[in-house]
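What follows is one structure encoded as structure tokens, with my remarks underneath.
In full-length UniProt numbering, the protein residues as written are 1 to 373.
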């Protein structure tokens with residue numbers, strides 16, 4: 001294929017389906033025919049107010065050399081259709097999920113301290129396919145370093161494989177937080193990442209997971225996915241204290257061992273701090289559009305810890321795919337719509353903007369994709 005169809009981001013509110021040249025497949029790379037690609041909240045933020053992760057107009061990303069317009073889409077699965085001469089462990093015809101990260105391994109450079117420490121997600125030259133790299137999942141095909149192709153386990157479909165990336169985000173946050181089996185956990189926000197946290201925490205042995213959410217459809221989804229309690233923080237509690245704290249204390253009187261803020265508002269951060277017991281962990285998952293206020297005494301006086309995380313490593317993709325394979329993650333319930341590539345604006349971006357409460361995850365399917373396997 002000498003040309004491909006790809007959805008490219010030109011600027012705020014401006015994405016277009018273009019015909020562009022297909023990239024060459026280098027010796028350490030594989031060509032992946034995209035089967036499905038999820039729309040992430042990050043993609044919606046770019047559509048509404050970007051560029052955020054892509055380079056600004058008139059500039060290039062210093063690590064990838066990419067400039068606007070950029071191909072979007074970073075939550076994707078597909079089938080390997082070509083491999084480079086140095087590729088091992090991946091073969092033509094194999095179904096894979098793709099870690100879209102770009103780092104020193106991808107660039108073929110000497111590894112920075114973070115990459116050497118096994119933390120390539122905080123590489124000083126980090127970028128991402130579908131945001132700031134060459135190519136993305138909202139296209140017919142992508143060329144990617146073979147190290148970042150994670151084979152789909154037996155029984156995991158290409159459609160379900162497109163959920164690996166958001167589940168990998170949740171896996172990474174859980175691993176960083178110090179979560180242990182038997183912990184009581186509060187999750188603020190039941191969007192795709194909040195629900196992914198819920199499912200993985202339950203699968204890994206949390207004694208209780210309590211969800212805070214204001215959207216009725218997402219509250220129902222959280223209950224369906226096994227939350228031990230779901231509260232609307234706007235409704236006063238019986239005791240008059242924070243309603244999330246009241247719900248948490250029914251399971252753990254001293255408070256939650258860990259809280260995950262997957263919403264990113266001042267009110268949710270305040271609540272995330274309040275519900276954690278002395279010595280517990282407050283973990284920021286959300287990407288914030290503006291700074292929030294924190295009183296350091298809230299942490300100092302009770303030795304609470306404030307942590308944050310970004311993205312994932314290949315290990316998290318393996319964990320995510322195993323959760324799908326084992327049935328811990330009900331993929332069919334996670335996917336609420338599949339939309340052709342050509343309809344991405346109306347059926348994807350605008351649908352999530354105008355009818356967010358109806359959806360967990362919308363998948364985009366390139367127009368020439370084969371039926372799911």
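Heads up, the beta-carbon is just placed ideally off N, CA and C, and yes, glycines get one too. All of these numbers come straight from a predicted model, not from anything done at the bench.
Start-to-end residues for the beta strand (DSSP E) that takes in residue 4:
3 to 11 is the span of the beta strand (DSSP E), which, as asked, contains residue 4.
Tell me whether residue 313 is buried or exposed, calling it buried when 16 or more other Cβ atoms sit within 10 Å of its Cβ.
Buried is the call here.
Could you check which residue in 148, 62, 284, 135 has the C-alpha nearest to that of residue 7?
Per the Cα distances, 135.
Quick check on the burial criterion: 16 or more other C-beta atoms within 10 angstroms. Buried or exposed for residue 370?
Note that residue 370 scores 47 on pLDDT, short of 50, meaning its location in the model is unreliable; the coordinates nonetheless yield the value given after this. Classification of residue 370: exposed, given that the 10 Å Cβ count is below 16.
Are residue 286 and residue 261 close, meaning C-beta to C-beta below 9 Å?
Between residue 286 and residue 261, the C-beta gap is smaller than 9 Å, which places the two residues in contact.
Buried versus exposed, by CB contacts within 10 Å (16 or more), residue 63:
Counting C-beta atoms within 10 angstroms of its own C-beta, residue 63 has 16 or more neighbours from the protein chains shown and is therefore classed as buried.
Return yes when the Cβ of residue 39 is within less than 9 Å of the Cβ of residue 362, no when it is not.
Taking 9 Å as the Cβ cut-off, residue 362 and residue 39 qualify as a contacting pair.
Residue 188 - containing beta strand (DSSP E), residue span:
Unbroken beta strand (DSSP E) run through residue 188: 184 to 188.
Rounded C-alpha distance that separates residue 168 from residue 127:
C-alpha separation (whole angstroms): 17 Å.
For residue 148 and residue 83, the rounded distance between their alpha carbons:
So the two alpha carbons sit approximately 13 Å from each other.
Going by beta carbon distance, what residues of the same chain come within less than 6 Å of residue 79, once the five residues before and after it are set aside?
The residues 33, 95, in chain order, have a CB closer than 6 Å to that of residue 79 in the same chain once the five nearest residues on each side in sequence are set aside.
Among 264, 188, 18, 49, the one whose alpha carbon lies nearest that of residue 288:
Shortest Cα-Cα distance from residue 288 to any of 264, 188, 18, 49 involves 264.
In whole angstroms, what separates the C-alpha of residue 213 from that of residue 337?
Each residue's alpha carbon lies about 22 Å from the other.
Can residue 246 and residue 238 be called in contact, C-beta distance under 9 Å?
Yes; because the gap between Cβ atoms is below 9 Å, this pair is in contact.
Is it buried or exposed for residue 332, if we count other Cβ within 10 angstroms and need 16 for buried?
Exposed.
Put residue 242 into one of helix, strand or coil per three-state DSSP.
In the three-state reduction of the DSSP assignment, residue 242 falls in the coil class, being assigned neither a helical nor a strand state.
Just checking my contact of residue 55 with residue 61 at CB under 8 Å: how many whole Å lie between their CB atoms?
Yes, they are in contact, since the Cβ atoms of residue 55 and residue 61 sit about 5 Å apart, within 8 Å.
Please confirm whether residue 200 and residue 160 have their CB atoms less than 9 Å apart.
With respect to residue 160, residue 200 sits apart: the two C-beta atoms are not nearer than 9 Å.
Please return the same chain residues whose Cβ sits closer than 7 Å to the Cβ of residue 103, not counting the five positions on each side in sequence.
Its chain contains 115, 120, 123, 125, 126 as the residues whose beta carbon lies nearer than 7 Å to that of residue 103, once the 5 sequence neighbours on both sides are disregarded; these appear in chain order.
Let me know if residue 46 comes out buried or exposed under the rule of 16 or more other beta-carbons within 10 Å of its beta-carbon.
Classification for residue 46: buried.
Between the CA atoms of residue 352 and residue 216 - distance to the nearest angstrom:
When only Cα atoms are considered, residue 216 and residue 352 end up about 16 Å apart.
State the beta-bridge partners of residue 17 as determined by DSSP.
Residue pairing by DSSP puts residue 17 in a beta bridge opposite 7.
Which term fits residue 14, buried or exposed, when burial requires 16 or more other beta carbons within 10 angstroms of its beta carbon?
By the neighbour-count rule (16 or more Cβ atoms within 10 Å), residue 14 is not buried but exposed.
Can you name, in chain order, every residue of its own chain whose Cβ lies under 6 Å from the Cβ of residue 165, other than the five neighbours on each side?
Closer than 6 Å at Cβ, skipping near neighbours: 75.
Can you name, in chain order, every residue of its own chain whose Cβ lies under 7 Å from the Cβ of residue 280, other than the five neighbours on each side?
So the qualifying residues of the chain are 255, 256, 257, 258, 304.
Where do the N-terminal and C-terminal ends of the alpha helix (DSSP H) with residue 42 fall, by residue?
Residue 42 -> alpha helix (DSSP H) spans 41 to 49.
For residue 25 and residue 143, what's the separation of their Cα atoms in angstroms?
Their backbone Cα atoms lie some 6 Å apart in a straight line.
Span of the beta strand (DSSP E), counted from its first residue to its last, around residue 352:
Where residue 352 is concerned, there is no enclosing beta strand (DSSP E), although the alpha helix (DSSP H) it sits in stretches over 350 to 354.
Could you check if residue 91 is buried or exposed, using at least 16 other CB atoms within 10 Å of its CB as the buried criterion?
Burial state of residue 91 is exposed, judged by a 10 Å Cβ sphere holding fewer than 16 other Cβ atoms.
From the DSSP output, in three-state form, read off residue 308 for me.
Three-state result, residue 308: strand.
CA-to-CA distance, residue 50 to residue 66, given in whole angstroms
Computed Cα separation, rounded: 16 Å.
DSSP three-state label for residue 145, please.
Three-state result, residue 145: strand.
Inter-residue Cα distance where the pair is residue 299 and residue 188
Rounded to whole angstroms, the separation of the alpha carbons of residue 188 and residue 299 is 19 Å.
May I have the straight-line CA-CA distance separating residue 349 from residue 44, to the nearest angstrom?
C-alpha of residue 349 to C-alpha of residue 44: approximately 6 Å in a straight line.
When the distance is taken between beta carbons, is residue 195 closer than 9 Å to residue 360?
Result yes, Cβ atoms of residue 360 and residue 195 sit closer than 9 Å.
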